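294 is the number that the working numbering gives the last residue of the sequence shown; the numbers go up by one with no jumps.
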Amino acid sequence: MIENEKQLKRNFGFFGTLSLVIGTVIGSGIFFKQGRVLQEAGSAKMALLAWVVGGVLTLSSAMSVAELGSEMPQTGGIYIYISKIFGKFWGFLAGWMQISFYGPALIASVSYFFSTLFVTFFKLPTKITFFSFSMRSVVAVSILACILIALMNMLENRVSRTFAITTTVIKMIPIFALILFGLFFGKTGATGSAISVLSEQVDKGNFGVAVLSTLFAYDGWVIISNLGGEIKNAQKNLPRAVTIGIFIVLLAYMGVSFGVFSSLPGKEIVSLGD
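So, in C-alpha coordinates, the structure goes:
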(Lines of atoms letter the chains of each structure in order from A; the text may use other names.)
(Lines give C-alpha, C1' and ligand atoms only; values in the text may rest on other atoms or scores of the structure.)
Protein backbone atom coordinates (compact mmCIF):
# COMPACT_ATOMS: atom_id res chain seq x y z
CA MET A 21 0.00 0.00 0.00
CA ILE A 22 2.84 2.38 0.87
CA GLU A 23 4.56 1.78 -2.49
CA ASN A 24 1.33 2.46 -4.35
CA GLU A 25 0.78 5.66 -2.36
CA LYS A 26 4.14 7.01 -3.61
CA GLN A 27 3.12 6.46 -7.23
CA LEU A 28 -0.14 8.41 -6.95
CA LYS A 29 -0.17 12.10 -7.82
CA ARG A 30 -2.11 14.31 -5.44
CA ASN A 31 -3.80 16.43 -8.11
CA PHE A 32 -7.14 16.87 -6.35
CA GLY A 33 -7.32 20.08 -4.36
CA PHE A 34 -10.24 21.17 -2.19
CA PHE A 35 -12.48 22.34 -5.04
CA GLY A 36 -11.70 19.30 -7.16
CA THR A 37 -12.60 17.00 -4.27
CA LEU A 38 -15.69 19.06 -3.48
CA SER A 39 -16.81 18.75 -7.11
CA LEU A 40 -16.34 14.99 -6.91
CA VAL A 41 -18.53 14.78 -3.81
CA ILE A 42 -21.31 16.93 -5.27
CA GLY A 43 -21.09 15.37 -8.73
CA THR A 44 -21.09 11.83 -7.35
CA VAL A 45 -24.11 12.36 -5.10
CA ILE A 46 -26.27 14.56 -7.32
CA GLY A 47 -27.67 12.40 -10.06
CA SER A 48 -30.97 11.10 -11.32
CA GLY A 49 -32.20 10.15 -7.83
CA ILE A 50 -33.39 13.65 -6.95
CA PHE A 51 -35.73 13.63 -9.96
CA PHE A 52 -36.71 9.95 -10.05
CA LYS A 53 -37.57 9.83 -6.34
CA GLN A 54 -39.78 12.92 -6.14
CA GLY A 55 -42.98 10.99 -6.84
CA ARG A 56 -42.21 8.19 -4.39
CA VAL A 57 -41.19 10.54 -1.58
CA LEU A 58 -44.25 12.73 -2.11
CA GLN A 59 -46.55 9.73 -2.19
CA GLU A 60 -45.16 8.22 1.00
CA ALA A 61 -44.98 11.54 2.86
CA GLY A 62 -48.59 12.44 2.04
CA SER A 63 -48.04 16.18 1.56
CA ALA A 64 -45.53 18.52 -0.01
CA LYS A 65 -44.51 19.94 3.36
CA MET A 66 -43.81 16.48 4.81
CA ALA A 67 -41.98 15.49 1.62
CA LEU A 68 -39.66 18.48 2.03
CA LEU A 69 -39.10 17.48 5.64
CA ALA A 70 -38.25 13.93 4.50
CA TRP A 71 -35.55 15.31 2.20
CA VAL A 72 -34.17 17.37 5.11
CA VAL A 73 -34.11 14.39 7.49
CA GLY A 74 -32.48 12.19 4.85
CA GLY A 75 -29.87 14.88 4.29
CA VAL A 76 -29.17 15.27 8.01
CA LEU A 77 -28.72 11.50 8.39
CA THR A 78 -26.34 11.48 5.44
CA LEU A 79 -24.49 14.51 6.79
CA SER A 80 -24.04 12.72 10.14
CA SER A 81 -22.53 9.72 8.36
CA ALA A 82 -20.36 11.99 6.24
CA MET A 83 -18.99 13.77 9.31
CA SER A 84 -18.10 10.41 10.87
CA VAL A 85 -16.25 9.27 7.75
CA ALA A 86 -14.66 12.72 7.45
CA GLU A 87 -13.19 12.32 10.93
CA LEU A 88 -11.72 8.95 9.93
CA GLY A 89 -10.43 10.48 6.71
CA SER A 90 -8.61 13.21 8.61
CA GLU A 91 -6.92 10.60 10.81
CA MET A 92 -6.14 8.14 7.98
CA PRO A 93 -5.75 10.14 4.74
CA GLN A 94 -4.81 7.17 2.57
CA THR A 95 -6.08 5.53 -0.59
CA GLY A 96 -8.56 2.77 0.20
CA GLY A 97 -11.23 4.57 2.20
CA ILE A 98 -13.52 2.22 4.11
CA TYR A 99 -11.10 -0.70 3.60
CA ILE A 100 -8.30 1.23 5.33
CA TYR A 101 -10.52 2.54 8.14
CA ILE A 102 -11.99 -0.83 9.08
CA SER A 103 -8.68 -2.68 8.68
CA LYS A 104 -6.92 -0.36 11.11
CA ILE A 105 -9.77 -0.24 13.62
CA PHE A 106 -11.14 -3.80 13.58
CA GLY A 107 -8.42 -5.81 11.82
CA LYS A 108 -7.47 -6.92 8.32
CA PHE A 109 -10.10 -9.67 8.12
CA TRP A 110 -13.01 -7.27 8.58
CA GLY A 111 -11.30 -4.74 6.34
CA PHE A 112 -11.04 -7.38 3.63
CA LEU A 113 -14.75 -8.20 3.95
CA ALA A 114 -15.67 -4.51 3.76
CA GLY A 115 -13.46 -3.96 0.72
CA TRP A 116 -14.73 -7.10 -0.96
CA MET A 117 -18.34 -6.06 -0.35
CA GLN A 118 -17.69 -2.60 -1.76
CA ILE A 119 -15.98 -3.93 -4.88
CA SER A 120 -18.31 -6.90 -5.50
CA PHE A 121 -21.72 -5.51 -4.54
CA TYR A 122 -21.96 -1.86 -3.51
CA GLY A 123 -19.86 -0.39 -6.31
CA PRO A 124 -21.32 -2.44 -9.18
CA ALA A 125 -24.89 -1.92 -7.95
CA LEU A 126 -24.40 1.83 -7.64
CA ILE A 127 -22.72 2.09 -11.04
CA ALA A 128 -25.42 -0.04 -12.68
CA SER A 129 -28.30 2.01 -11.24
CA VAL A 130 -26.74 5.38 -12.10
CA SER A 131 -25.74 4.31 -15.62
CA TYR A 132 -29.22 2.87 -16.21
CA PHE A 133 -30.95 6.10 -15.18
CA PHE A 134 -28.50 8.10 -17.30
CA SER A 135 -29.10 5.91 -20.35
CA THR A 136 -32.87 6.11 -19.87
CA LEU A 137 -32.73 9.91 -19.97
CA PHE A 138 -30.20 9.86 -22.83
CA VAL A 139 -32.29 7.55 -25.01
CA THR A 140 -35.47 9.53 -24.30
CA PHE A 141 -33.86 12.93 -24.92
CA PHE A 142 -32.25 11.95 -28.23
CA LYS A 143 -35.23 9.77 -29.26
CA LEU A 144 -33.11 6.72 -30.01
CA PRO A 145 -34.75 3.50 -31.25
CA THR A 146 -35.80 0.95 -28.65
CA LYS A 147 -33.25 -1.59 -29.90
CA ILE A 148 -29.82 -1.28 -31.47
CA THR A 149 -28.53 -4.02 -33.78
CA PHE A 150 -24.84 -4.94 -34.11
CA PHE A 151 -24.53 -7.30 -37.07
CA SER A 152 -26.82 -10.18 -36.01
CA PHE A 153 -26.88 -9.21 -32.33
CA SER A 154 -29.58 -6.88 -31.02
CA MET A 155 -29.64 -5.07 -27.69
CA ARG A 156 -31.94 -2.61 -25.96
CA SER A 157 -30.74 0.94 -26.48
CA VAL A 158 -30.86 1.66 -22.75
CA VAL A 159 -28.55 -1.28 -22.00
CA ALA A 160 -26.16 -0.42 -24.84
CA VAL A 161 -25.84 3.21 -23.73
CA SER A 162 -25.32 2.10 -20.11
CA ILE A 163 -22.48 -0.24 -21.09
CA LEU A 164 -20.88 2.37 -23.35
CA ALA A 165 -21.04 5.02 -20.61
CA CYS A 166 -19.38 2.68 -18.10
CA ILE A 167 -16.61 1.81 -20.58
CA LEU A 168 -15.92 5.47 -21.40
CA ILE A 169 -15.75 6.45 -17.72
CA ALA A 170 -13.48 3.48 -16.97
CA LEU A 171 -11.13 4.45 -19.82
CA MET A 172 -11.06 8.05 -18.61
CA ASN A 173 -10.09 6.92 -15.10
CA MET A 174 -7.12 5.06 -16.59
CA LEU A 175 -5.66 8.42 -17.65
CA GLU A 176 -3.89 10.90 -15.39
CA ASN A 177 -6.14 11.98 -12.54
CA ARG A 178 -5.99 15.58 -13.76
CA VAL A 179 -8.38 14.46 -16.51
CA SER A 180 -10.94 13.05 -14.07
CA ARG A 181 -10.57 16.16 -11.89
CA THR A 182 -11.37 18.44 -14.84
CA PHE A 183 -14.24 16.18 -15.87
CA ALA A 184 -15.66 16.20 -12.32
CA ILE A 185 -15.55 19.99 -12.04
CA THR A 186 -17.05 20.50 -15.51
CA THR A 187 -19.91 18.03 -15.11
CA THR A 188 -20.73 19.31 -11.62
CA VAL A 189 -21.08 22.86 -12.94
CA ILE A 190 -23.27 21.59 -15.80
CA LYS A 191 -25.45 19.68 -13.32
CA MET A 192 -25.93 22.68 -11.08
CA ILE A 193 -27.16 24.98 -13.88
CA PRO A 194 -30.61 23.33 -14.36
CA ILE A 195 -30.89 22.79 -10.61
CA PHE A 196 -30.43 26.51 -9.93
CA ALA A 197 -32.84 27.28 -12.77
CA LEU A 198 -35.50 25.04 -11.23
CA ILE A 199 -34.98 26.59 -7.80
CA LEU A 200 -35.29 30.12 -9.19
CA PHE A 201 -38.40 29.15 -11.14
CA GLY A 202 -40.01 27.77 -8.01
CA LEU A 203 -39.15 30.88 -6.01
CA PHE A 204 -40.28 33.51 -8.52
CA PHE A 205 -42.76 31.82 -10.86
CA GLY A 206 -44.09 28.80 -8.95
CA LYS A 207 -47.41 28.40 -7.20
CA THR A 208 -47.68 30.14 -3.85
CA GLY A 209 -48.53 27.91 -0.90
CA ALA A 210 -47.54 24.78 -2.82
CA THR A 211 -45.89 23.18 0.20
CA GLY A 212 -49.11 23.32 2.18
CA SER A 213 -51.18 21.12 -0.13
CA ALA A 214 -52.07 17.60 0.91
CA ILE A 215 -51.34 15.19 -1.92
CA SER A 216 -53.91 12.70 -0.63
CA VAL A 217 -56.60 15.19 -1.61
CA LEU A 218 -55.31 15.26 -5.17
CA SER A 219 -54.96 11.52 -5.72
CA GLU A 220 -57.19 8.80 -4.33
CA GLN A 221 -54.39 6.24 -4.71
CA VAL A 222 -52.15 7.96 -2.18
CA ASP A 223 -52.06 6.79 1.43
CA LYS A 224 -52.25 9.15 4.38
CA GLY A 225 -48.48 9.15 4.57
CA ASN A 226 -45.60 7.00 5.78
CA PHE A 227 -42.87 9.41 6.78
CA GLY A 228 -40.29 6.74 7.62
CA VAL A 229 -40.56 5.15 4.18
CA ALA A 230 -40.35 8.62 2.60
CA VAL A 231 -37.06 9.27 4.41
CA LEU A 232 -35.70 5.90 3.29
CA SER A 233 -36.64 6.77 -0.29
CA THR A 234 -34.51 9.92 -0.13
CA LEU A 235 -31.38 8.05 0.98
CA PHE A 236 -30.83 6.59 -2.51
CA ALA A 237 -30.48 10.13 -3.88
CA TYR A 238 -27.90 10.94 -1.18
CA ASP A 239 -25.81 7.81 -1.77
CA GLY A 240 -22.38 7.48 -3.36
CA TRP A 241 -20.37 10.05 -1.40
CA VAL A 242 -18.45 7.45 0.65
CA ILE A 243 -16.58 6.34 -2.49
CA ILE A 244 -14.67 9.64 -2.40
CA SER A 245 -12.79 8.38 0.67
CA ASN A 246 -11.05 5.87 -1.62
CA LEU A 247 -9.11 8.77 -3.18
CA GLY A 248 -7.26 9.79 -0.03
CA GLY A 249 -3.89 9.21 -1.71
CA GLU A 250 -4.77 11.47 -4.66
CA ILE A 251 -5.95 14.51 -2.68
CA LYS A 252 -3.65 17.39 -1.77
CA ASN A 253 -3.44 17.83 1.99
CA ALA A 254 -6.01 15.04 2.35
CA GLN A 255 -5.99 15.28 6.13
CA LYS A 256 -7.63 18.70 5.81
CA ASN A 257 -9.29 18.77 2.39
CA LEU A 258 -11.01 15.35 2.45
CA PRO A 259 -13.16 15.94 5.58
CA ARG A 260 -13.93 19.52 4.54
CA ALA A 261 -14.97 18.50 1.03
CA VAL A 262 -17.16 15.62 2.21
CA THR A 263 -18.94 17.63 4.92
CA ILE A 264 -19.43 20.82 2.90
CA GLY A 265 -20.34 18.82 -0.22
CA ILE A 266 -23.14 16.92 1.50
CA PHE A 267 -24.47 20.15 3.02
CA ILE A 268 -24.55 21.77 -0.44
CA VAL A 269 -26.35 18.70 -1.82
CA LEU A 270 -28.90 18.94 1.01
CA LEU A 271 -29.64 22.57 0.15
CA ALA A 272 -29.83 21.74 -3.57
CA TYR A 273 -32.25 18.86 -2.98
CA MET A 274 -34.50 21.04 -0.83
CA GLY A 275 -34.50 23.67 -3.56
CA VAL A 276 -35.22 21.15 -6.33
CA SER A 277 -38.08 19.63 -4.35
CA PHE A 278 -39.57 23.04 -3.70
CA GLY A 279 -39.23 23.91 -7.38
CA VAL A 280 -40.92 20.67 -8.46
CA PHE A 281 -43.77 21.08 -5.97
CA SER A 282 -44.27 24.68 -7.10
CA SER A 283 -44.25 23.79 -10.80
CA LEU A 284 -46.31 20.59 -11.08
CA PRO A 285 -49.60 19.44 -9.55
CA GLY A 286 -49.14 16.90 -6.77
CA LYS A 287 -51.22 14.29 -8.57
CA GLU A 288 -49.00 14.53 -11.64
CA ILE A 289 -45.81 14.20 -9.59
CA VAL A 290 -47.13 11.08 -7.88
CA SER A 291 -48.29 9.58 -11.18
CA LEU A 292 -44.74 9.86 -12.54
CA GLY A 293 -43.54 7.49 -9.80
CA ASP A 294 -39.92 6.32 -10.12
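All C-beta atoms in this analysis are idealised placements derived from N, C-alpha and C, irrespective of residue type, glycine included. Bear in mind that the values here come from a model prediction, so they are computed numbers and not experimental data.
With distance defined between alpha-carbon atoms, name the residue in the options nearest to residue i.
{"i": "residue 85", "options": "75, 97, 268", "result": "97"}
{"i": "residue 45", "options": "79, 73, 99", "result": "79"}
{"i": "residue 82", "options": "260, 276, 288, 65", "result": "260"}
{"i": "residue 278", "options": "57, 32, 29", "result": "57"}
{"i": "residue 1", "options": "100, 127, 126, 197", "result": "Residue coverage of the chain in this structure runs from 21 to 294, which leaves residue 1 outside it and unanswerable."}
{"i": "residue 195", "options": "172, 141, 273, 137", "result": "273"}
{"i": "residue 246", "options": "52, 125, 92, 76", "result": "92"}
{"i": "residue 269", "options": "192, 89, 106, 118", "result": "192"}
What did DSSP end up calling residue i once you bin it into helix, strand or coil?
{"i": "residue 103", "result": "helix"}
{"i": "residue 280", "result": "helix"}
{"i": "residue 252", "result": "coil"}
{"i": "residue 233", "result": "helix"}
{"i": "residue 258", "result": "helix"}
{"i": "residue 95", "result": "strand"}
{"i": "residue 268", "result": "helix"}
{"i": "residue 147", "result": "strand"}
{"i": "residue 125", "result": "helix"}
Expressed to the nearest angstrom, what Euclidean distance is found between the alpha-carbon atoms of residue i and residue j?
{"i": "residue 60", "j": "residue 230", "result": "5 Å"}
{"i": "residue 39", "j": "residue 256", "result": "16 Å"}
{"i": "residue 238", "j": "residue 49", "result": "8 Å"}
{"i": "residue 102", "j": "residue 89", "result": "12 Å"}
{"i": "residue 104", "j": "residue 178", "result": "30 Å"}
{"i": "residue 130", "j": "residue 106", "result": "31 Å"}
{"i": "residue 258", "j": "residue 122", "result": "21 Å"}
{"i": "residue 167", "j": "residue 190", "result": "21 Å"}
{"i": "residue 218", "j": "residue 228", "result": "Confidence at residue 218 is low in this model, with a pLDDT of 40, below 50, so its placement is unreliable and no value can be given for it."}
Tell me whether the beta-carbon of residue i lies closer than 7 Å to the beta-carbon of residue j.
{"i": "residue 41", "j": "residue 262", "result": "yes"}
{"i": "residue 139", "j": "residue 158", "result": "yes"}
{"i": "residue 295", "j": "residue 249", "result": "Because residue 295 is not part of the residues shown, which for the chain are 21 to 294, the question remains open."}
{"i": "residue 180", "j": "residue 173", "result": "yes"}
{"i": "residue 64", "j": "residue 201", "result": "no"}
{"i": "residue 276", "j": "residue 164", "result": "no"}
{"i": "residue 33", "j": "residue 252", "result": "yes"}
{"i": "residue 154", "j": "residue 143", "result": "no"}
With a cut-off of 7 Å, does the C-beta of residue i fall near any C-beta of chain B?
{"i": "residue 99", "result": "Chain labels in this structure do not include chain B; a single protein chain is all it has."}
Quick one: is the Cβ of residue i within less than 6 Å of any heavy atom of the ligand FAD?
{"i": "residue 135", "result": "As for the ligand FAD, it is missing from this structure, which has no ligand bound."}
Less than 8 Å between the CB atoms is what I'm expecting for residue i and residue j, so what's the real figure, rounded?
{"i": "residue 186", "j": "residue 71", "result": "With 8 Å as the limit, residue 186 and residue 71 do not qualify as a contact, their Cβ atoms being about 27 Å apart."}
{"i": "residue 36", "j": "residue 128", "result": "Their Cβ separation, rounded to whole angstroms, is 26 Å, which puts residue 36 and residue 128 out of contact at 8 Å."}
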